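Student:
In this note's numbering, the protein residues as written are 82 to 178.
(1) Please classify residue 168 as buried or exposed, where buried requires at least 16 neighbouring CB atoms within 10 angstroms.
(2) With DSSP as the reference, identify every bridge partner of residue 167, one or two as the case may be.
(3) Below 8 Å between beta carbons: does that hold for residue 97 and residue 84?
(4) Under three-state DSSP, which class holds residue 101?
(5) Apply the 10 Å Cβ neighbour rule to residue 132 and answer buried if 16 or more other Cβ atoms are within range, or exposed otherwise.
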């Protein structure tokens, strides 16, 4: 099984920075699944917004390698086919970390 790397834009109160997380890819999962996996298993300090998990509210919107996507509905398999196993996850351009 392949490992996937999320490079996540973080903020420490003074400056933003990128932090890398690597975990085993599981087919059929979403970008949001990966963020939840990081929070629950790798780094409980990771914070992000996700509300409905049904692609209705848009709260989970992020940029993945510069492209806006809904984390709750976007399959990781599709993103990996497009960008490979290293993904940069950031807030939308008009939001701060």
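All C-beta atoms in this analysis are idealised placements derived from N, C-alpha and C, irrespective of residue type, glycine included. Note that this is a predicted model, so its numbers are computed, not measured.
Tutor: Let me lay it out:
(1) With 16 or more other Cβ atoms within 10 Å, it is buried.
(2) Per DSSP, 86.
(3) Taking the C-beta atoms as reference points, residue 84 is found no nearer than 8 Å to residue 97.
(4) Residue 101 falls in the strand class under three-state DSSP.
(5) So residue 132 ends up on the exposed side.
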